Structure formats: C-alpha cells, structure tokens
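What follows is one structure encoded as structure tokens, with my remarks underneath.
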Amino acid sequence: MTSIKAPFKQAPLAHRSPLTGDGVQMKEWPHLNKTMLRGDLKKLGAAVKSVEKAKTPAANQSTYSDQSAVHWIGPDTLMVIAGEDAALADGFAKALDGKACQVTNITNNYTVIELSGDKARDVLQKISTLDLDASIFVKGSVAGTTFAHSNVVLACRLDAPDTFDIVIRRSHADYLWCLIADAGYEYGFDKQAVVAGETLRQ
Amino acid sequence: MSTYRLDKGGLIDRTKPLRFTFDGKPVLGFEGDTIASAMIANGQHMVGRSFKYHRPRGILGIGSEEPAALVQMGDGNAETTPNVRVTEQEVFAGLSVRSQNAWPSLEFDVGRMNDYAWRFIPAGFYYKTFMGPPGAWMMFEPIIRKAAGLGKSPTEADPDNYEHVNRHCDVLVIGGGPSGLMAAEAASLSGARVILVDESNQLGGQLLGETPETTLNDQEPVEWVVAAEAALRARENVTILNRTTAFGYYAENFVGLWEKCTDHLAPADRPERAPRERLWRVRAKHVVLATGAIERSIAFHENDRPGVMLASAAQTYAYRYGALPGKNILVFANNDAAWTNAFALKEAGANIAGIVDARPSIDAGLLAKAAEASIDLFPRSGIVGTKGHARVKQASIRTLDQDGQPTGPTKQVECDLIAVSGGYNPNVSLFSQSRGKLKYDENIAGFRPAHSWQKETSAGSCNGVFDLASCLTEGVKAGTHAAIAAGFKEAKVPALTLKSNQKTAAETYELWDVPSGTGVQRAWVDLQNDVTAKDLRLAVQEGYNSVEHAKRYTTMGMGTDQGKTSGVTAFGILAQTMGKSIPEVGVTTYRQPYKSISLGAIAGQHKGELYAPRRGTPMHEWHREAGAHFETVGDWLRAWVYPKAGETWQRAVQRESKAARTGIGILDASTLGKIDIQGKDSREFLNRIYTNAWSKLGIGKCRYGLMLKEDGMVFDDGVTTCLADDHFHMTTTSGGAAGVLSHLEDYLQTEWPDLDVLCTSVTEEWAVSSICGPKCHQLIADLFGDGYGPDDMPFMTMKETELEGVPVRIFRISFTGEHSYEINVPSEYGRWFWDVLMEHGAQYDITPYGTEAMHLLRAEKGFIIVGQETDGTTTPHDLRMDWIVSQKKGDFVGKRSLFRSDTVRKDRPQFVGLLTEDGSKVVDEGAHVIATSTEPAPPVPMLGHVTSSYYSPNIQRSIALAMVKGGGDRMGETVYVTQRGNGEPIKATITDVDFLAEGAAS
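Top line first, the protein sequences correspond to chains A and B. At position 106 of the first sequence the residue is numbered 106 (the working numbering), and the sequence of numbers has no breaks. Heads up, the working numbering is the position in the second sequence plus 10000, with the first residue counted as 1.
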C-alpha cells in the first residue's frame, strides 16, 4: 500500500468569510451532522426522544435539545442536526431498526447558513415570500420553502428570535450566500461576487 | 420669484431653490416642486409633442393620470429614463430633462408636418397599412417608426440596483388621501398590521390642494394631514410607503407595489446602499382601495393646446405648489366642482376670465357667488375653438341649443389657461383588476364599483363619493371593516369636525364633446396617442362596434397613461355614435399594471450572476484550476473538456477519449442524481417503476433500469444498487434527478400508499469519481489493496470500504464499455479523494476527461443518453432495448401503453448506428436521414434523424447514432444523411449501435 495524503473535509462555503452588517450577521456552520428521518411520526418522535433527548416537534415547529435541533419537515419527515462529531445516522438506525422508517445520513448533502440580528427578518423578506413577521414566524418556527431558485429549510432558533438557520443544498450554498449578501447590502453587508468566470462551452 | 410663483403657500421650501435644466435651459424650482409645478411657476406649459401629429403638448393633470407631458430624464446612455411624467417627477439640483418626440427642438420640430397632413393619417392608419396591399406596412413602417414614438430607451446596461421585497399584512390601504388616511387610522387602532401606500411624496391626496378655508378639527388641511401621518408613523404596526404605486391587483389579494426610492434625490444625496426602486409583493388579508377619482376633460375643438388643464389640477398647482397655472383663467365645466376651483384660483390671485358651463341649469348659489366675485358667466355654453401656440391665448365661446349644438354669435375671450372639468372618473382600475364588477352611475356620469370578488373595500372618491365628509367617514368604515375581516376587533376612532364649502361633481351633466359648429372638429380625447372624437366616430362607421375593437383600431387609451383621463369620455362618444347607452357599450378591461413600471423593478436582484444558481461539484475548483471548459447541465456546471495549452477542444476530446481506453481516464460524475430508497417493499416498488425485474437482485449487486411515464415513453435511466434487502441506492440522470424524485413520491403518495417504501435525495451526499480504462484496476489496487480486480469484483457489483477512515463505496459500473469504477465518497471529502486519485494515478498517466469525451465514449459503445437519443416519444422498443422490458413480472408504469397500436407499429423510428462510406466524414447531429443520394424537392420523405455523431479516436473513423424508421430491420441498408446548406447527402450504412463490437467483428 502506498502512503495516502491525510483526508481533509471541505465545507461548501469554506471560501467565504462571515459577514457583519449593521444589525445583521451571516456565517456558515460547516460540517454539522445531519440526518433525515422518514416514517410514522410517533415512531420517529420516540427515537428522537431516546437518541437526542428532544421532543417531537409539532407541525412547522422545531424542538431543541442540548446537542441537537429537530426540524419538522413534513407529516412523515424530520431533519435532525447536531454537532460535527455526532453520529446521528448510526444512533437512529439502531433506534428505528425494523420499524419501517428511513434513516438517511445527509451530512454532506446540505450546509447551514446562520443569519442573525434585528435586521435579519428584513433581509430574509427580500428573498422569502413567507410571512416572517416577528409575531408570525416566532421562535421555534420552521418552514420548508424556496428562496429564489433554491429549496431551503428555514428555522427560527428557539433561544434567539432573530437568529435563523437556513439549511441549503451543498451546490446551491454559494448562490444563496451571495443572494443574501446582496439583500443585506442595505444593512452593511459587502456584496459577494459569485464564484464565476469559468470558460463555458462555445 | 418667478412670474407665476406665489409669494406664499404650498408645500415647497422657498429657502431651498434648485436649478434643473429643461432641454438644456436652466429652470428654477424649489424643494417640493415637481418638474410640472416648477415649469408652471416659470410660465412654461409646453413640454413635448404628440405621438402622431407632433402637436404641442402641455400639462393637463397633476399626477400619474397625466397623458402627454412626458420627458426624457437623465442624459447618460445607461441612466436615461424615457416617458417620465413631469407631474410626478420631483426636481433636484442638477436634474436634466428633455422634451420627447421633437427634433431639432421643441419649438421647431420637423415632425409637425404630420399635423398638416392630419386628414391623411386618420384613425386606424397603422391598421390600414398592415391590412392594405402587400408591402404597404413594409414601406410605411420605417417612416412611421421614425416619426412616431415616445422617449428613447437607454442603450447601455442599467447600473442601478433594484430589489424585490415580500410582505404580508392584515390591511393594505392603497391611497393616502382623506379616505385612505382614515382607513389606516381605523385599521391600525384595532392592532392590525397596516401598510399604507401613496403614489406621491406626501400623504394627503386631494387635501393637499384644498384652500385653508377647509378645516379638519380646526386645523388647516395640510396641518391635519401632517398630524394624522405622525400618529400613524408612531405605531409599530403601520408601514407607510411614499412614492409607491400599487400597480397590480392579482388573485388572492396579492398586490404589486412599485416604490421609487432615490429618483427624487440628486445623485450625490442618494444613499449609497439604497436601491433605486423596490418591487413590493404584498399579500393582504383585506385591501382598502382609496385611490381617489381622476378628473376628465371635455373634448372641444382645438382642446389640445398647452394651457388647457384639468380644473382640479389648476387649483392644486396653486395651493400645493404655490404655482399659479395662469393669471387669466377661463373655466369650462359641466359640474359644480369646477366652480369651487374657480373661486379658489381667484382667491389665489388669478383673474377668472369667465366660467363657461354647458349645463342647462346652474345652482343659484353658485351664480350669485360668481356675480359677487365679478366673474363673467357663460351659462349653457361651450368652447368651440382656441388660439395660441406654446400656450393658449384665446377661446371662442358659443351658446349651445337644446340639442347641444352651438348657436348664436361667437364670443372671443382672452385667457392664458383653460381650466376644464368634464366630471370625475372614480379610479376603479385596481378594483377592476381584482375582478370587481363596475356599474355606470348617471349622477356622476362615470363607472363606480358594484360587486367585489376579492377581499377589498373601496372608500371615498374611488367609490364614487366625492364630498370630503363622506370620504372621511367611508375611510373609517372601510378601515374598520377591513380590520374586522382580518380578525381584529373594532377600535373607536375619534370623531372629526369638518368645515368645508367645497362643491363636488356628485351631479355631473353628461357631456363628452362639444361640436365646433363649423364642420371641422379636431377635439382630442386621447392627448398622448392623438385620438380625436372624430376618429372614434370613424371607427364606429367602419364597423368597430365593440369598445375593445374601437380601442385597438384607434389606439385610444393605449399609451403610457392607459387612458386614465380619456377612457370614459371615449366610451361616451362611442355610445353616443352608436345610439346606445354607456352601460350597453361597456368599458374596456383594466389590466395590470396601473401604470408602466420599470423592467429593473420586475427583475429585482435576480439578474446577472444572481439570475440562477451555478451549481458546482465538490471538485469544481480542481476543474477550474485545470483549465477546464464547462458546459451547463440544468443549473450544474460540468467540466466539458480539459484543453491543454495550444490544444483545440476538438483535439482535447480525441486525446481524452483515447486515454480512457488505453490508460486511465477520470471523470467527475458527482452530478448524477442519487436517491436513497428504504422499506420492505422496495423491490416491488422498483419492479413497478422500472421496466425490468428487481426481485432477485442480490445485495451488493447493481442493475441498469429504464423508467417510463404512463405513456410508455422513456423518462429516465440509471443504475440502482441493492445495499440491503430493503435498502437501495438509485442513480438518475444529472438533469432528471428532481423530476425522478417527484415521480417516485407522486406514485408512493397517490397510487401505492400501501407500499412500505420511503425515498430521500442524497444527490449531494456523495462525490463521485469515475475512473475508466485498462489500467484502472491497478490504481484501485494501489489504494484499496486486493479484492477489487476484474476477477474479484464482477461487473455491476458494489463494495463498501474505507480509505484513511473515510467511508467509500466502490461500484463496478461502466458508461463507456471499458473496465471502470465509480467511487463514491462523502462530498466533503470529494476534493481530497480526487487529489488522491490524481496523485496516485500519475504513474499511469491518469487523464481527466470531460462530458464531451464521456458522450463520445458511450456512443462508441452504443449507450443512449436520455434526452439526446430520446425525446419523450421514444419507447424501449424504439431503442431496440426489448431485453430490458420484463414480460414475466407484473405491471409497471407505462406497460399498458407499450401495447397500443401506435407503439407496436413496425415503422416507428428505431435506434441504429450509422457508418459513413467515407470514415473521415462526420455527419451533423440532427441531420435528416433520407433514402436517396440527392435531396428531392420538398417535402423530402424522411427516414429519420441523426441523434449523436462523433469522430471516434478509438475506432479511427466517424460514428453516428440515429433514429430510423423500422431501423431494426434495415441492418446493412444504404441511406443518405443530408448536410447543412446544399451539400451532397453523405452515403452511410445502417449498423448495430455497439461500434466497439462492430469494429472488433470487422
């Protein structure tokens, strides 16, 4: 066997630095461990409780434990997000074995962008058609929606009503980062040049 | 002070003078002025020339209803904006505007020759040239295009920022006049989230032009407005948007708002980070329409001269802007409101040259008041002609007989302004856009809202209620109703004391145009598009009996103003001409937008680089660094070819393709769609989704499948692998991934909810490096050790392992026919693993190849690409892939359609290979396949078409794939492939599709 260079991970937004504006900040949470659970919600709820010590979220809500967030995605789907070192898929696979549920590791499929600050809702409202008024999209809310051309999961943190997690497909992350930066330009974000300039087929 | 500027009054700041230029000449205005008010204060009414006849055009109105006073704003080739209404654009220091449609200058315009030829350019002139003898339009078009027209479009890219904003609210109030203010007050006091929008820079609407005689709670109108606005702004649940037009009312109370953020400021004063315009997309639980009413003119002979102005506008210029529109004003009316305007203008300092009123009887109180003010009266009379060039200077007045015809002697009256009022049209545009039904009201001689379809309420003048007291109370009622409808409790709104002597147009005498009494009448209805009363009558004579047809024929109401001031007048004239009532004739449809909005606002921030996502794989940066050229596949950017320095892409494709069959080629296949499928019924599910059988696929085994839609046509293909008895990993085409997942979910949720199967997309969970070539198993052995060689790991199997602790799935799958591995690692390790392969593959001269070489390699093997060989009308049998359609298993999606008479036809196009007689000739993709060596005269009988065509470096000759009628039974037949241009068809032989096997056999 030959010697192989040490593995390294590359987050989708590794080439971006956190942005700070006047009342709004944005950064990537790279490498978070993510799992999609599908199946009967009661069974999923029981597994969420036993594995992550979190409650079953009601529709359009997220629950949080010390180590993870559980987002309601649909009547038979939950997305669980935890720290980089967690091994959610293994734990849930064990807990849901033989219970006609699907456990899928989606750690690499998505990344998480955090947008926070008292202007965060105004920034998001330039992209999202949802009602993100503080009286409507309250802390603990979650929604699967589209931001322009991208599918996202948008969650308002339970502990901070002006902090949002945006779960985005890996290859859409740079586009969305730049789109949010553009929306936040009014509040002091620097515009971000899209990764572009490739030579295209004639 | 300029000659027409009043010493005091109005909402302008006389301490802040501003100089701007009109056609290069400086004009003095003040902060708070519009271009119109500043020009009026300087005594200039003429702004431009009309669309067709190039007649001088002045200022008719006060706001967005203005039909003809349009200018070109800004001189830069990028920033310049055409068709700006002088009545809306606020002035700022350095503003430069130019008159439109006049050359070489506003005063001396060569196009005015059109006016002398007016008899020959009648209604329907354009239409007649379209429909006339062949070539007529071709001949006239360049001349018409040059002569007609509005402002000029910018020629360079727009440097400004625009953005979209989305909002939900409980109550959206459109219009900030008395009704809108009270509606917002009532709704916001209840706690509802309220958005109040107003087109102007200042809330208040008609109150801003009121005389100080009118008081609300003992405050002058403007004072009251300022206090009411302050109270609203202090509430957190209220958003007020100025300079914002509600341009479109769509389904489900979705309303588009257009906010102009910076155009009123000098460039240096514009906030650096503010967008130029915002497009607000508002979803409201309830909408209050408080859009006011628009005064209309009366069509009389030569009524289009500058200095003919709507009476309410004349008063508003004096009171809102401190600019006297004329010093010697003649008033022409058919209602009481204009009398109020006349008295107010006299109070402001103008002489009233007379009041001409067409009505047979006039209120005695008004007559007495006019007499007291020594105003000359012309009862039961009309204006039958005017004089003046850049501005009206004289009017001819005659008495009207009982049929409305001029009679008796003509009186000439000197004047410098004709303030005209033909009544008021409730501004029902948005109401009508919301699908609301209109009703003609004879009292006001106009249309008012009748039946609502959406959740909205009209209040005040737009509801046909003109007196201030009623406007205020209707506002309160509408606001309260809206809040209750949105789920809030009624709030007590403090009572208001109003004092006003204002007279309204609540009783309007129906009068659309005044005959000239001379046989020649040029009475303009649409000032922008030069449509006269005579044109409308001509349209009826020529058979255009529907208002929609007459509108299109005459171009009436089709300008940038959409006939705001002229529409109802035109309907009146049409009805009169047809001898019908107005309700019988009806109105044309009001459509979005209420006024033209910029394309920049519609695009918002979604332009340029932000127009669409550019999806890159985890190895994207490597490809860039390697100098790859990319092609787009959906939103993906895939490395297409990696030309070396000095190498053409064609040569690079040949080199890459050769390497993949002689050494090792490496392809980034990460974009393949991937779906994780779990559940005990997964096999049954795959049996139903794919055409072939899946019941017996062993764990760790892979199988290729074709997916059909219900119509039996190929929809997608890919390899699916059994990870466990109840767990499968499906791959799809790169472009088809999302569609396939929807297809699977659709069947699972609606057709087979009994199946225990669940799907989740994992397309981007895995980065896929595909290595191919006779030496690739050596590289695998170097990295992973034994157990993966050709003998240990059969084709179409998968093994899971680890490399340096990173999980790896190795698939023995081939899209080239060559020995090949598709290796999946978690995406975050994608770049690392690619680096490892490149580093350790160097000794085998590993060669990255792009999608073009991939396409060539699979064509050598005769593999299809869904979307290239197939086009949604292709069955598996058309592809001669009968082997993949299981006859034994049960039903599958599309099965039944494979037995339709049309799908079993023998002469359907079938998938074949083509080898040209001369192997150096490469046929065109898409070229027709015909039976004859020369192309016969059209229609050419077609045998089929070429779907893929390449020069193969491995077979050393050209190869092509084609769909040919009954192709399966034509092996060895000679056919011909047409060439572009008139090239001689290329002779070719029909073969099987696997050229590698064909080559080996020969």
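The beta-carbon is built from N, C-alpha and C at its ideal position, and this holds for glycine as well. None of these values were measured; they are calculated from a predicted model.
Proximal chain B residues relative to C178/A, where beta-carbon distance stays under 8 Å: Within the first sequence, the letter at position 178 stands for residue 178/A. What C178/A touches in chain B: E10609, L10610.
Simplified DSSP state of M10001/B, which is helix, strand or coil: Working through the second sequence from its first residue, we reach residue 10001/B at position 1. Per-residue confidence for M10001/B stands at a pLDDT of 41, beneath the threshold of 50, marking its modelled position as unreliable; the derived number appears in the next sentence. Coil.
Presumed contact (8 Å Cβ cut-off) between F10995/B and I10959/B, rounded CB distance: Here the question's residue 10995/B lines up with position 995 in the second sequence. Here the question's residue 10959/B lines up with position 959 in the second sequence. About 5 Å; that satisfies the 8 Å criterion.
T10797/B to A10639/B span [Cα, whole Å]: Position 797 of the second sequence, counted from the start, is the residue given in the question as residue 10797/B. Position 639 of the second sequence, counted from the start, is the residue given in the question as residue 10639/B. Rounded to the nearest angstrom, the gap between the Cα atoms of T10797/B and A10639/B is 27 Å.
Closer than 7 Å to chain A by CB, E10252/B: Position 252 of the second sequence, counted from the first residue, corresponds to residue 10252/B. Chain A contact via Cβ: absent.
Proximal residues, the stretch 154-180 of chain A versus chain B, C-beta separation under 7 Å: R169, R170, S171, H172, Y175, C178, L179
Three-pair Cβ contact test at 8 Å for the stretch 10240-10251 of chain B versus the stretch 10419-10436 of chain B: At 8 Å Cβ cutoff, the stretches touch.
Proximity of E10973/B and R170/A at Cβ, strictly below 7 Å: For the purposes of this step, residue 10973/B is taken as residue 973 along the second sequence, with counting starting at 1. For the purposes of this step, residue 170/A is taken as residue 170 along the first sequence, with counting starting at 1. Cβ distance not < 7 Å, so E10973/B and R170/A don't count as in contact.
Neighbouring residues, chain B, relative to E198/A (Cβ below 7 Å): Translated into positions along the first sequence, residue 198/A becomes position 198. Going along chain B in sequence order, the residues near E198/A (Cβ under 7 Å) are R10624, F10630, L10637.
C-beta neighbour in chain A for Q10778/B, strict 7 Å: As a first step, residue 10778/B is located in the second sequence; it is residue number 778 there, counting from the start. It does not; no Cβ of chain A falls within 7 Å.
Whole-angstrom distance between G10735/B and V10757/B, CA atom to CA atom: Stepping through the second sequence from its first residue, residue 10757/B is reached at position 757. Stepping through the second sequence from its first residue, residue 10735/B is reached at position 735. Between V10757/B and G10735/B, the alpha-carbon positions lie close to 24 Å from each other.
CB of V10714/B within 7 Å of CB of L10723/B, strictly: Taking the second sequence and counting its residues from 1, the one referred to as residue 10714/B is at position 714. Taking the second sequence and counting its residues from 1, the one referred to as residue 10723/B is at position 723. Contact: no.
is_contact[F10378/B, chain A] using C-beta, thresh 7 Å: Your numbering for residue 10378/B matches position 378 in the second sequence. For F10378/B, the answer is no, since every Cβ of chain A falls outside 7 Å of its Cβ.
Inter-stretch contact (C-beta, 8 Å, three-pair minimum) for the stretch 10655-10664 of chain B and the stretch 10021-10038 of chain B: no
From L10783/B, E10631/B, M10730/B, N10083/B, residue whose alpha carbon lies closest to that of L10678/B: Counting from one through the second sequence, the residue named residue 10678/B turns up at place 678. The question names Leu, but residue 10678/B in the sequence shown is Gln. It is M10730/B whose Cα lies nearest to the Cα of Q10678/B.
Backbone secondary structure at N10303/B - three-state DSSP: Counting from one through the second sequence, the residue named residue 10303/B turns up at place 303. DSSP places N10303/B in coil when its eight states are reduced to three.
Option nearest V10091/B by Cα separation, candidates G10307/B, K10889/B, H10620/B, Y10321/B: In the second sequence, counting from the first residue as 1, residue 10091/B sits at position 91. Ranking the options by Cα distance to V10091/B, first place goes to Y10321/B.
Cut-off 7 Å between Cβ atoms - residues of its own chain near G10063/B, not counting five sequence neighbours on either side: Position 63 of the second sequence, counted from the first residue, corresponds to residue 10063/B. Excluding positions up to five away in sequence, the list reads T10087, E10088, E10199, S10200.
Per DSSP, cross-strand counterpart(s) of D10716/B: Numbered from 1 along the second sequence, position 716 holds the residue referred to as residue 10716/B. Beta-bridge pairing links D10716/B to M10707/B.
Where F10833/B falls, given that 16 or more other Cβ within 10 Å makes a residue buried: Against the second sequence, residue 10833/B aligns to sequence position 833. Looking at its Cβ environment, which holds 16 or more other Cβ atoms inside 10 Å, F10833/B is buried.
Chain A contact residues for N10166/B, given Cβ-Cβ distances below 7 Å: Stepping through the second sequence from its first residue, residue 10166/B is reached at position 166. The answer, in chain order, is Q125, S128, T129.
Bounding residues of the beta strand (DSSP E) (the contiguous stretch that carries Y10976/B): For the purposes of this step, residue 10976/B is taken as the residue at position 976 of the second sequence. Per DSSP, the unbroken beta strand (DSSP E) holding Y10976/B starts and ends at 10974-10977.
C-alpha distance - K10888/B paired with K10799/B, whole-angstrom precision: Here residue 10888/B is taken as the residue at index 888 of the second sequence, counted from 1. Here residue 10799/B is taken as the residue at index 799 of the second sequence, counted from 1. Cα to Cα, the separation comes out at about 30 Å.
With 16 other Cβ atoms within 10 Å as the buried cut-off, status of P10221/B: Position 221 of the second sequence, counted from the start, is the residue given in the question as residue 10221/B. Buried, because 16 or more other Cβ atoms sit within 10 Å of the Cβ of P10221/B.
Of the listed residues G10739/B, R10683/B, N10328/B, nearest to T10720/B (C-alpha basis): Position 720 of the second sequence, counted from the start, is the residue given in the question as residue 10720/B. Ranking the options by Cα distance to T10720/B, first place goes to R10683/B.
Closer than 7 Å to chain B by CB, I73/A: As a working note, residue 73/A is residue 73 in the first sequence. False, the Cβ-Cβ gap to chain B never drops below 7 Å.
Beta-bridge pairing of V10633/B - partner residues as DSSP gives them: By 1-based counting over the second sequence, the position of residue 10633/B is 633. DSSP lists W10636/B as partners of V10633/B.
Stretch pair the stretch 10580-10591 of chain B + the stretch 10546-10556 of chain B: three plus CB contacts closer than 8 Å: yes
Where S10682/B sits in the DSSP three-state scheme: As a working note, residue 10682/B is residue 682 in the second sequence. The answer is helix: DSSP assigns S10682/B an H, G or I state.
Residue-level contact to chain A via CB, E10765/B, 7 Å cutoff: Within the second sequence, the letter at position 765 stands for residue 10765/B. It does: the Cβ of E10765/B has a partner Cβ on chain A nearer than 7 Å.
Those residues which DSSP pairs with E10277/B across a bridge: Start at 1 with the first residue of the second sequence, and residue 10277/B comes out as number 277. According to DSSP, which records beta bridges pairwise, E10277/B is partnered with Y10162/B, K10260/B.
Segments assigned beta strand (DSSP E), at least 3 residues, entirely inside the stretch 10345-10428 of chain B: 10351-10357, 10377-10379, 10381-10388, 10392-10400, 10406-10414, 10417-10421, 10424-10426
Whole beta strand (DSSP E) elements within the stretch 10749-10816 of chain B, 3-residue minimum: 10758-10761, 10766-10772, 10798-10803, 10806-10811
Cβ of L10667/B within 7 Å of any chain A Cβ: Mapped onto the second sequence, residue 10667/B falls at position 667. No, no contact with chain A.
Any C-beta of chain A under 7 Å from that of M10001/B: For the purposes of this step, residue 10001/B is identified with residue 1 of the second sequence, where counting begins at 1. Note that M10001/B has pLDDT 41, beneath the 50 cutoff, so the model's placement of it is unreliable and the number below is only indicative. No - not a single Cβ of chain A is within 7 Å of the one on M10001/B.
Where L10803/B meets chain A, residues with beta-carbon distance less than 9 Å: Against the second sequence, residue 10803/B aligns to sequence position 803. Within 9 Å Cβ-Cβ: I4, P7.
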